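Numbering (the UniProt record's numbering), first residue to last: 1 to 126. Report on one structure; see the data block that follows.
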Amino acid sequence: MSIKVPVIPVYVLNISYIVLFFIASYMTSLFITDVVFQHLIVFTGVVIVYWFIANAITGLYKRSKNIKQIQLKTTVSLLVIMVVSILQQILFFKIPIASTFLFFGISLLFLLLLHSAIFRTRLRAE
């Protein structure tokens, strides 16, 4: 049985993703003093676009059977995005690599917590 999420929470979830990624980039700029938040805004925008593409490809909501699949797809998607972003960062962005690892670590933590909170309550309700 797939996890079915109503239309309104999907939009709320998508807005939550955007907010969480920007919070992660802001926290990264606080922890690593070499990075300015304004430099991370473009990088965060690129990561958000990649995240929504990854959600469409993996079918995070439509093809997942349980919370473990959702968390596994989240982790794998974010790791692939991290590798692609690091390659892009080496070529285009002037952001230290350490800040990228911190950004993706914070993002992964936030995403796993968000998915655990939303999908566990959804699974218990059914």
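Think of the CB as a built atom: it goes at the ideal place given N, C-alpha and C, for glycine as much as any other residue. These figures come from a predicted structure and were not determined experimentally.
1. From I57 to L79, what distance separates their C-alpha atoms?
2. I'd like the list of long-range same chain contacts for residue 187, defined as Cβ closer than 6 Å, with 5 residues on each side in sequence excluded.
3. Which of the three DSSP states, helix, strand or coil, is assigned to N66?
4. Within the continuous alpha helix (DSSP H) that includes T33, where are the two ends?
5. What is the DSSP secondary structure of P96, reduced to helix, strand or coil?
6. Below 8 Å between beta carbons: does that hold for L20 and L111?
7. Skipping 5 residues on each side, what residues in its chain have a beta carbon closer than 7 Å to that of V47?
Walking through what the data contain:
1. 15 Å
2. With the chain running from 1 to 126 in the structure shown, residue 187 is simply not present.
3. coil
4. Element bounds for T33: n/a, residue is neither H nor E.
5. coil
6. yes
7. F21, I81 and S85
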